[in-house]
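Here is the structure we will look at.
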Amino acid sequence: MKKEKISGIIGGVIAAIIIGVVVIQFSSINENAPIQDNDLPEIVDVDDDGVPDEVDPFISTPRVWQTSGPFQIDREQYVLGELVLMRIGNLETNEKGQIVFLQPSNGTHQTVYITI
Numbered sequence: 011m012k013k014e015k016i017s018g019i020i021g022g023v024i025a026a027i028i029i030g031v032v033v034i035q036f037s038s039i040n041e042n043a044p045i046q047d048n049d050l051p052e053i054v055d056v057d058d059d060g061v062p063d064e065v066d067p068f069i070s071t072p073r074v075w076q077t078s079g080p081f082q083i084d085r086e087q088y089v090l091g092e093l094v095l096m097r098i099g100n101l102e103t104n105e106k107g108q109i110v111f112l113q114p115s116n117g118t119h120q121t122v123y124i125t126i
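By the numbering used here, the letter at position 84 of the sequence shown is numbered 94, and the numbering carries on one by one without gaps.
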C-alpha cells in the first residue's frame with residue numbers, strides 16, 4: 011500500500027512539473043512574438059554624396075535590374091565582395107530546375123562557376 015501511495019505522489023509531482031513547464035512555454039511564446047510596426051521610418055544613407063572618402067571608399071552603381079527569364083539581378087557588374095541581389099518571379103510552387111552562374115573567361119567565352 012505504501013509503494014502505491016508513494017508512486018501516486020511522485021506521479022502527481024511529475025505531472026504538476028510538466029503542466030508548469032507547458033504553461034511557462036506558452037506564455038513566453040506570446041511575449042517573444044515580433045512586434046510588427048509598419049510606421050518605421052525609411053533608412054537613409056547619410057554618406058550618399060557620391061564622393062569616395064574614408065567612410066565610404068567606393069560608390070556603388072545604381073540598381074538597374076537585368077532580366078533573364080524569371081530571374082532578375084540588380085546590377086550589370088559587381089565590385090568584388092559586393093552582394094548579389096536576385097529576384098525570382100513567375101515560378102509555380104512545384105517547378106524544378108537549375109540556375110547556372112557563369113564566369114567570364116575572355117571577351118567571347120564564359121565558364122560555369124557554380125550550378126544550383
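Think of the CB as a built atom: it goes at the ideal place given N, C-alpha and C, for glycine as much as any other residue.
Please read these numbers as outputs of a predicted model, since none were measured by experiment.
Same chain only: Cβ atoms within 7 Å of residue i, ignoring 5 sequence neighbours per side
i    : result
D84  : R73, W75, L95
E86  : V74, Q76
F111 : Y123, I124
I126 : Q108, I109
Separation of residue j from residue i, as counted between CA atoms
i    : j    : result
K13  : V33  : 30 Å
Y123 : E64  : 33 Å
G91  : N100 : 29 Å
G21  : Q35  : 21 Å
S17  : I28  : 16 Å
G79  : I109 : 11 Å
V23  : G107 : 55 Å
G30  : I19  : 16 Å
T118 : Y88  : 19 Å
Residue i: first and last residue of the uninterrupted beta strand (DSSP E) it sits in
i    : result
I126 : Unbroken run through I126: none, as it is neither H nor E.
R97  : 96-98
T77  : 76-78
L112 : 110-114
Own chain, CB closer than 6 Å to residue i, minus 5 neighbours either side, in chain order
i    : result
Q113 : T121, Y123
Q82  : W75, R97
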